[in-house]
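Let me begin by presenting the structure, written as structure tokens, before commenting on it.
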Ligand code: FES
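Residue numbers (the working numbering): 521 to 680.
Here is the structure:
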């Protein structure tokens with residue numbers, strides 16, 4: 521089924537275009553808009569839509585979505601948990617945080633729980649090194665993590 525934007529989303533699309541010197545420069549924010557409008561993932565139909573509207577090839581748009589990890593090429597769970605694994609977080613125990621998430625959720629990195637609630641991912645530095653180890657849950661940061669804090673966070677997500 522072809523992807524399209526609502527009237528309000530079309531107005532947002534036009535506002536994004538107005539902020540950039542050319543259409544190609546607007547590709548990332550337009551993809552964010554369309555991903556949000558498509559249930560938080562970028563389908564082939566979304567890629568075709570963005571390519572058509574921005575005058576780009578579908579290969580270019582697909583390349584952007586696979587380069588940047590915040591674009592989902594498959595429908596994710598209701599919540600996304602990103603465990604940072606870069607140096608500061610690694611030195612302060614991100615491996616234990618990730619291992620605990622996998623055990624609690626009974627999934628591997630990149631997978632979604634059977635009930636569709638949580639997708640578990642890893643991320644490179646999320647620029648919160650001073651409060652390592654940390655993870656991002658949807659759009660919120662959770663910092664200075666302990667295993668107890670991780671359990672509280674996961675419990676809240678699983679019960680939501
Ligand atoms: S290394 Fe984890 S936020 Fe920078």
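For glycine and all other residues, C-beta sits at the position ideal for the given N, C-alpha and C.
- If you ignore the 5 residues before and after residue 559, its C-beta comes within less than 7 Å of the C-beta of 595, all in its own chain and listed in chain order.
- Relative to the ligand FES, residue 608 has its C-beta within less than 7 Å of a heavy atom.
- Judged by beta-carbon spacing, residue 557 lies beyond the 8 Å limit of residue 604, meaning their Cβ atoms are not closer than that value.
- In this structure, the beta-carbon distance from residue 635 to residue 599 does not fall below 8 Å.
- If you look at residue 604, you'll find it in the beta strand (DSSP E) that goes 599-604.
- DSSP lists 656 as the bridge partner or partners of residue 661.
- Closest option to residue 676, judged by alpha-carbon separation, among 613, 638, 535 and 586: 638.
- Contact annotation: residue 547 and residue 606 have beta-carbon atoms that are not nearer than 8 Å.
- In this structure, the CA atom of residue 572 is about 33 Å from the CA atom of residue 656.
- As computed with DSSP, residue 573 is found in no beta bridge at all.
- Between residue 601 and residue 539, the C-beta spacing is not below 8 Å.
- The beta carbon of residue 646 sits closer than 7 Å to at least one heavy atom of the ligand FES.
- Only residues of its own chain outside the window of five on either side were considered, and among them 617, 620 and 621 have a CB closer than 7 Å to the CB of residue 670, listed in chain order.
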